[in-house]
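Below is one structure, written out as structure tokens; comments come after it.
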Amino acid sequence: MLLVLDGCASAGKSSDPAEPTTTPPQKAESSSAPGVHPAVAPPSSTPDGDFESSYREFQALARKRVETMQAELRTENRRAEAAPPERPPESQDFYQPFRAYGTERAIEVAEAFFKGRYNRSRARLPENVEKWRSRPDIGNPGPDLANFPNSAFTLPSGRAYVEFVPFTYYGTSHSSPAQYNTEFLLRYGLTDDIELRLFGNGVAWQGGSHSGWGFSPIAFDTKINVWLEKPDYFLPALGIEAYIQTQWLGSAPFDSGTQPSISFNFDQSLPFDIDLEYNLGATRTQQRPGQNEWEFVFQWALQRDLFDKDFAAFIHGYYNATTLPRLPHSQAPVSDDLTQDAVGAGLIWTVNSRFAMWAQSAAGTTRNSPSLISSLGLALAF
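For our numbering, count along the sequence shown from 1 and bump the result up by 9.
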């Protein structure tokens with residue numbers, strides 16, 4: 010049996026080396042069966058190719074994101090350099106004690122600055138008036154018998170003062186003998202701006218050729234507070250006071266007839282914690298028995314606290330007469346002018362809110378003025 014093998018049939022015909030037996034892949038014939046499309050090989054989609062493509066996209070996205078963040082950071086740095094850094098919000102609880110202390114110190118400084126007569130005006134402001142009415146205060150408005158002038162301020166409604174001077178001595182003058190008085194002043198606040206008052210020289214002694222003891226007549230007095238002090242305009246507080254000295258209860262040696270008087274009382278705060286008090290008015294006096302004359306009167310006082318607010322010193326004086334009828338009336342007929350002047354000094358001690366004491370001494374500067382005026386008194390607040 011004869012077998013024919015490909016590649017072996019020409020072995021004997023030629024001695025050339027044999028051709029490689031590997032043949033290139035044959036393309037699909039285009040003459041396939043009608044209606045059947047040739048098969049198309051799918052594109053290469055290996056796992057390594059997918060990873061490389063995704064990694065390159067991720068790198069591009071990350072690079073873009075980093076560039077964006079760097080640009081934003083540069084912008085913020087430029088803004089931070091241009092504007093001051095913002096402070097963190099303060100803790101309210103942490104700073105509250107400091108604020109409370111600062112407020113307390115501010116109040117203390119204000120009270121120290123406005124102490125004195127202006128404090129009497131401030132107490133009557135709408136935000137303080139209830140506190141002023143609620144408790145007795147001997148320092149506001151203060152005693153009127155301590156010095157020669159009277160204050161412009163009145164007692165709050167329903168409050169009362171009792172002022173008593175158990176020792177008052179007036180030395181001799183050219184027109185009147187020496188005299189000793191036990192002066193008193195009763196005060197009651199009818200309203201916050203109107204005060205009713207009763208004054209008298211009390212039990213009195215008079216020297217001279219007709220010396221003797223007796224009781225001085227009483228005087229009915231009224232004081233009205235017109236306005237309070239306005240330091241912004243350098244405007245003092247103003248009060249109007251009027252009295253009528255009667256002949257009631259008066260012994261003959263001390264009876265000088267029925268005498269009216271009116272006075273404008275001013276109070277003003279000055280620098281260096283000095284209080285100025287002055288009165289201007291007109292008083293009718295008995296110059297000699299049976300002869301009454303109107304005369305201008307003026308009283309003044311400067312007061313300042315010493316050591317603390319409860320202890321004060323003052324200087325004071327008067328021209329022609331004191332605000333209240335405290336001076337001895339003329340008994341000796343004289344032909345010259347009866348002008349009187351006196352200047353002195355004193356101390357006042359506010360013991361507590363209800364009690365105060367004072368002492369003063371003054372000397373006359375004219376022949377018709379008492380040579381010496383000395384007094385020691387006290388006041389109680391209710």
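The beta-carbon is built from N, C-alpha and C at its ideal position, and this holds for glycine as well.
Here the structure is a predicted model, which means the values were calculated and not measured.
Helix, strand or coil for residue i per DSSP?
i, result
"Val171", "strand"
"Asn159", "coil"
"Asp202", "coil"
"Ser41", "Since pLDDT at Ser41 reaches only 43, below the 50 mark, its modelled position is unreliable, and the value read off the structure follows with that caveat. Looking at Ser41 - three-state DSSP - the assignment turns out to be coil, as it is neither helix nor strand."
"Asn234", "strand"
"Asn377", "coil"
"Thr112", "helix"
"Arg83", "helix"
"Phe391", "coil"
"Ser182", "coil"
"Thr332", "coil"
"Gln215", "strand"
"Gln300", "strand"
"Phe316", "coil"
"Thr77", "helix"
"Arg196", "strand"
"Ser166", "coil"
"Pro26", "Only weak support is given to the placement of Pro26: the predicted model assigns it a pLDDT of 42, under 50, and the value that follows is read from those uncertain coordinates. Of the three classes helix, strand and coil, the one that applies to Pro26 here is coil, per DSSP."
"Ala341", "Low local confidence applies: a pLDDT of 46 at Ala341 is under 50, so the model's placement there is unreliable, with the coordinate-based value given in what follows. Note: Ala341 maps to coil in three-state DSSP."
"Leu347", "coil"
"Ala187", "coil"
Based on Cα-Cα distance, which residue from the options lies nearest to residue i?
i, options, result
"Ile203", "Leu311, Gly248 and Gly209", "Gly248"
"Gly259", "Leu289, Ala390, Gly209 and Asp153", "Gly209"
"Asn332", "Arg133, Thr84, Tyr64 and Lys232", "Note that residue 332 corresponds to Thr in the displayed sequence, not to Asn. Answer by Cα proximity: Lys232."
"Arg363", "Thr348, Gly216 and Ala388", "Ala388"
"Val174", "Asn86, Ser130, Asn274 and Ala365", "Ala365"
"Trp214", "Glu66, Gln188 and Ala115", "Gln188"
"Lys318", "Asp276, Pro145, Arg293 and Asn361", "Asn361"
"Leu195", "Ala169, Gly211, Gly216 and Ser185", "Ala169"
Would residue i and residue j be called neighbours here (beta carbons separated by less than 8 Å)?
i, j, result
"Ile147", "Thr374", "no"
"Glu302", "Gln296", "yes"
"Thr200", "Ser166", "yes"
"Leu238", "Leu244", "A small fix is needed here, since residue 238 is Glu in this sequence, not Leu. Yes, the Cβ-Cβ distance between Glu238 and Leu244 is below 8 Å."
"Ala321", "Ile357", "yes"
"Gly386", "Gly353", "no"
Which parts of the region 129-154 are runs of the alpha helix (DSSP H), unbroken and 4 residues or longer, counting only runs that do not cross its ends? Correct list: 138-143.
Any chance you could list the beta strand (DSSP E) runs of at least 3 consecutive residues sitting entirely within the region 241-296, in chain order? DSSP runs (the beta strand (DSSP E)) wholly in the region 241-296: 246-254 and 268-279.
Does the contact criterion of 3 or more C-beta pairs under 8 Å hold for the region 250-259 versus the region 278-287? As far as the Cβ criterion goes, the region 250-259 does not touch the region 278-287, which means the pair count is below three.
Hey, is the region 177-196 in contact with the region 376-386, meaning 3+ C-beta pairs nearer than 8 Å? yes
On the three-pair Cβ rule with 8 Å, is the region 217-230 touching the region 131-151? no
Contact between the region 366-373 and the region 151-158 (3+ Cβ pairs under 8 Å): yes
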